Structure formats: C-alpha cells, structure tokens
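Here the structure is laid out as structure tokens; the discussion comes afterwards.
In full-length UniProt numbering, the protein residues as written are 1 to 268.
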C-alpha cells in the first residue's frame, strides 16, 4: 500500500495542556487543526508512521547527520520541559527503519547518515505524537532526526528514501514535525526579527503553490536570523513525495508567542 498519508505539524510543548497550562488556550486554532489532522490520519489507517524532525535525539547530542533511531519500543517523554507524567510508549518498526537506512549504506561518504538506538524520543517528536499517536498504541514508529549542517541535501535524500517507502506493503504515514520562525514578535523568547514574517509567508506560499524546491533557496544567514526548524524536514518530506499527487490543505497557521505554527494535510 505504501504511502497513505502525509502531513506537516508543529511541535510546541505549549500544545500539551499539562505543560502549556493557561498558555495552551492561545493555541486553540493549532489544537483544533491537530485534532482534525489526527482524525484524517486515523481515517487513512496507517500501520507505521515515519516522523521527520531536525532536532537532535537528545539535548546533549552533537551529531550532525541524518540519524535513524532504531529501537523495538519508544517512549515519548517531556522531561526536558519539566513534565514527568505525560509520557506514553509505542512500538518501533525495526524492519522498515533498516530498509530505509540501507539506501545509504554505500553512500556514507556522500551523505552523513548514522544509526542510534534510544528508547526515549526527543521533545519535538514526543510533542507531535501526543496528538497523533497517544490514543493509538499499536501503530509503529520510524523516527528520523536530521541535524545535517551541509548545504541542504535533504531533497535529494528524500528522493532516495522514496523508493524503499513505496516498495513497502505496509500502510505508511509520513509526518514532518517542525516550527517556522521563532522571531515573529517581541513576545518571542528569541526576540524579534524583521525577516521572520516574510520567511513564514514564503514557506506557506511554497507549500500551497507546490513549489517546494524554492525552500532550498533560503540563504543560511536568513535561516539563522529567523531561527527556524522547518526547511530541512520540509525538503525531506517533499523529496519523498516527489511525483506523488497531493493537494495541500492548510488547516491552520498562527503565532501567538512569536513562533510560527502551521498544520497542513498533503491530501494524497
């Protein structure tokens, strides 16, 4: 069956009620959209979810690579946000993870690809899964963390992942976990940047008009200025769905705390 679902979702810890508390109410549009995209995900009946994030496996990691975290079972946890009671677990799809990683076995010098085996997921992936998988404990997971520092090879890497994904007989969902600019207003912990709003608008336009390669044109200086964590997972995602018919459905966009959050279903 291969790919049956693809979406782009945010990973703000404030989306978790026990973490965000009263601040969670300010993300009501995002929460409603996350609930809607979760319903769409369940309607697609995936057996495995591949989730893409450009956060490291853990806060102390210095890896600069595309990392396949391969484990029999994962624990979504929120300890880095001071929350110790909201964790939950899900099975890993070890066979699929190895199948995807195998595409790079002879290309280690060209693409920085590594393997890890950690039960605890990073906060970004855990936050995303709080909505998507917490009530679906039997769906398997393949987490991929992208911390590459080279000049945005992700679209090509995504293209290489496309073939093994479409060779699978499993029903697969593909999710990019990301936030847009972290400097959209004075409310942002990172401060304000005049370039942030334009950045978010250009990303939304690239997705809605189905011109994902324009994302690779952002200068490194701009990406550092706006403090985003979106471009690399988006390029991975769109490399994978290249030549796949999809219709972008923007379910929400908001930035109440100076950080851009978007929820998009790439209706396949």
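Every residue gets a Cβ at the ideal spot worked out from N, C-alpha and C, and that includes glycine.
Everything numeric in this text was worked out from a predicted model, so none of it was measured.
Since residue 148 contacts residue 64 with CB under 8 angstroms, what's their CB separation in whole angstroms? With a Cβ gap of about 6 angstroms, residue 148 and residue 64 count as contacting.
Tell me which residue opens and which closes the beta strand (DSSP E) that residue 123 is part of. The continuous stretches of beta strand (DSSP E) do not include residue 123, which lies in the alpha helix (DSSP H) extending over residues 123–132.
Can you give, in chain order, each stretch of the beta strand (DSSP E) that sits fully within the region 27–70 and has at least 3 residues? Complete beta strand (DSSP E) runs here, min 3: 48–53, 66–69.
For residue 232, which residues from the same chain have a beta carbon less than 8 angstroms from its beta carbon, with the 5 sequence-adjacent residues on both sides left out? The answer, listed in chain order, is 54, 146, 148, 152, 154.
Could you check what DSSP says for residue 271 in three-state terms: helix, strand or coil? Here the chain covers residues 1 to 268 and nothing more, so residue 271 does not appear.
With DSSP as the reference, label residue 260 as helix, strand or coil. Of the three classes helix, strand and coil, the one that applies to residue 260 here is coil, per DSSP.
C-alpha distance - residue 32 paired with residue 260, whole-angstrom precision: The straight-line gap from Cα to Cα measures roughly 16 angstroms.
Contact check, residue 175 vs residue 195, beta carbons under 8 angstroms: It is not a contact, given that the beta carbons lie outside the stated cut-off.
Under a three-way DSSP split, which group does residue 241 fall into? Residue state, collapsed to three classes: coil.
What residues in its chain sit with their C-beta under 8 angstroms from that of residue 192, if we drop five residues either side in the sequence? So the list reads 183, 184, 185, 186, 258, once near-sequence residues are dropped.
Local Cβ density within 10 Å of residue 45, reported as buried at 16 or more and exposed below that: By the 16-neighbour rule on beta-carbons within 10 angstroms, residue 45 is exposed.
Between residue 165 and residue 240, is the Cβ-Cβ spacing less than 8 angstroms? Taking 8 angstroms as the Cβ cut-off, residue 165 and residue 240 qualify as a contacting pair.
Let me know the secondary structure DSSP gives residue 13 once reduced to three states. The answer is helix: DSSP assigns residue 13 an H, G or I state.
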